[in-house]
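Below is one structure, written out as structure tokens; the observations come after it.
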Amino acid sequence: MTDYAMTDGNNKLLIDVGSTYFKISTLDAIEQHFRDFNKGILDDLMAKCGETISRFGKQDIHVCSSANGGLSTLIIGVTNSFSLKYATSIAFNSGINIIDTILYQNIEDYSLPSDLIDVVIIVGGADTHSDLFSDSLYSYLKQLDYSNIVYVGTARDAPRIRENIKDVVVLPNIIDDRLHIVEEHLKAYLTNLYQQDIEGKEDIKHLYDITDNQIFPTPYIVNKALPMIDAKFSVTDPFILLDIGGATTDIHYSKDLVEDNIVTENEYDRLVFKRLGVYKSKQSLIFAAQSNEFVYELLTHLKVTENIFNEQNDKATKVLMQLAIFLVLCKMSHHGKSFINLKLLAINSIVLTGGITKVLTVEEIEIIIAFFYKKILTSDHNPVTVLDSNYDIWTLGAGGNQ
């Protein structure tokens, strides 16, 4: 399917490699292609879009990707209100997936993640503090299976951290003396780690055969696009954007929707729910739905039964997409137990992008949003639903990336 698209006026080719779709954008058009999982990413891309790609030089081709799944991250912090909150904000806005956060004072009570962690972040204290970490941290880390570890806490504790943790990367503190966030050093480190991860994955790194530019994480590109969204859509602030695809559900939101704003350079923040995808993480989505006390009432409202979870058809996919919307809204409300709660009653627009736009209509989405507001928030509030069915939002961020 090809629709006409607007770009920033430069003759660039923009490519987004997702877990289920390729998207390519030129000055004239956007194309979307369902991936052939029996082929390598580059081979499949060239088979479907090779004629277009051949018209551009490597310097004019810009690629972003979420196909490598992102980096799994564990954060250990001294306080919820500063260290964990700040490090989580930086990680999410760098396109990183957080599997867990640990409050250091309770570290002995936490179980060990079973999967390999790509990066561990340790943070805590302004530079005027010291002796915040003890042997309990080092004992926990010795049992943990991780590839990279970075320390971004108080400078006074850095020498001891270096002595006790092999191969730790020590960066400037993300908390300044006024308790504001300092994000550029950790953000650059995480973005470079993502780059190294891509280069280590055979399927992704072959994309450098067609581009001379850095491949960025798609969520990072989408977040960059949000200040420019009104160039393409009638969106009224404040708004949230839901990016629901095959592997994850991301939510991007205006900073003024947060009660306890973090002072950063970003106008928008991001959260990712790695287990709320519809294809690759389908079973975890179903488990989350079955664990939600309101889902069965929602299924009745949609005129289906729980048997839909066992079906493999278009109807089942639609229902799973609808449940992903409902579950992520629950997680961002006071009903959920997420990293942050949003002032959802203040939202004027809900924008949806990603694979969901190929499955659901605006009406099918509005049914879920109305149910959520009435059942969970006991409100008749009705934010406007905006569907990015042509994936225009991604091009805004990718086109202005260099």
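Read in order, the letters of the sequence shown are residues 7 to 408 in my numbering. All C-beta atoms, glycine included, are put in the ideal place defined by N, C-alpha and C. A quick note: this is a predicted structure, and the numbers were derived from the prediction, not measured.
In the structure shown, V228 falls within a helical segment according to DSSP collapsed to helix, strand and coil. Distance from F239 to V357 at the Cβ level is roughly 7 Å; contact confirmed, criterion being Cβ atoms closer than 8 Å. For G56, the enclosing alpha helix (DSSP H) begins and ends at 47-59.
Exclusion of the five residues before and after F315 leaves I292, A295, Q296, A322 as the residues of its chain whose Cβ lies within less than 8 Å of its Cβ. Under the three-state reduction of DSSP, D386 is assigned to coil, being neither helix nor strand. A contact is defined here as three or more CB-CB pairs under 8 Å, and the region 354-368 meets this definition with respect to the region 386-393. The Cβ-Cβ distance between I167 and V158 does not fall below 8 Å. Residue burial is scored here from C-beta neighbours: L351 has fewer than 16 other C-beta atoms within 10 angstroms and is therefore classed as exposed. Within the DSSP bridge table, the entry for F222 names C70 as partners.
Exclusion of the five residues before and after I123 leaves S78, T79, L80, I105, L150, D151, Y152, S153 as the residues of its chain whose Cβ lies within less than 8 Å of its Cβ. In this structure, A161 is the residue among A161, V156, D115 with its C-alpha nearest to the C-alpha of D137.
Here DSSP, grouped into helix, strand and coil, assigns V125 to strand. Distance check between L196 and each of H307, Q289, A97 places A97 closest, using alpha-carbon atoms only. Relative to I181, the option among H68, L232, L118, G83 whose CA is nearest is G83. Per DSSP, the continuous alpha helix (DSSP H) segment holding L147 begins and ends at 141-149.
Here D141 is exposed: its Cβ has fewer than 16 other Cβ atoms, across all protein chains shown, within 10 Å. Between the C-alpha atoms of I353 and D386 there is a straight-line separation of about 13 Å. With a 10 Å radius around the Cβ and a threshold of 16 neighbouring Cβ atoms, G63 comes out exposed. Counting along the chain, the unbroken beta strand (DSSP E) around D106 starts and ends at 103-109.
The three-state secondary structure of G130, taken from DSSP, is coil. The Cβ-Cβ distance between I67 and T306 does not fall below 8 Å. About 6 Å separates the beta carbon of Y110 from that of G130, a gap short enough to meet the 8 Å contact definition.
The alpha-carbon of S117 is positioned some 17 Å away from that of I128. L333: member of the alpha helix (DSSP H) spanning 320-337, first to last residue. Looking at E303, D22, N229, the one whose alpha-carbon comes closest to that of L213 is D22.
Boundaries of the beta strand (DSSP E) harbouring V357: 355-359, taken from the DSSP string.
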